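In the numbering used here, the protein residues as written are 6 to 64.
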């Protein structure tokens, strides 16, 4: 199952760490805000997939 992030602020890395503990979950997308590229890189390093960065919620 893939999950998405809306926002990529301070707490998002804590959420990513929690998601890592659940078998079968990965990050599918991140709504592009400040820090989205850093969060996508962090998720990839943690083995949570290659998140797509989106510019707006309608994508």
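Where a beta carbon is used, it is the ideal one built from N, C-alpha and C, also for glycine.
Predicted, not measured: the structure shown is a model, and the values here were computed from it.
Buried/exposed call for residue i, threshold 16 Cβ in 10 Å
{"i": "residue 35", "result": "buried"}
{"i": "residue 17", "result": "buried"}
{"i": "residue 19", "result": "exposed"}
{"i": "residue 10", "result": "buried"}
{"i": "residue 13", "result": "buried"}
Alpha helix (DSSP H) segment containing residue i, residue limits
{"i": "residue 15", "result": "Segment: none, residue 15 is in no alpha helix (DSSP H) and carries neither H nor E."}
{"i": "residue 58", "result": "From DSSP, residue 58 is part of no alpha helix (DSSP H) but of the beta strand (DSSP E) over 57–59."}
{"i": "residue 36", "result": "Where residue 36 is concerned, there is no enclosing alpha helix (DSSP H), although the beta strand (DSSP E) it sits in stretches over 31–36."}
Rounded distance between the beta-carbons of residue j and residue i, thought under 8 Å
{"i": "residue 44", "j": "residue 25", "result": "The Cβ separation is near 13 Å, so there is no contact."}
Chain-order list of residues whose beta-carbon lies under 8 Å from that of residue i (same chain, five-residue window excluded)
{"i": "residue 8", "result": "24, 30, 31, 32, 33"}
{"i": "residue 5", "result": "The question about residue 5 has no answer, for the chain in this structure spans 6 to 64."}
Sequence-distant residues of the same chain with beta carbon closer than 7 Å to residue i, five excluded per side
{"i": "residue 41", "result": "13, 35, 58"}
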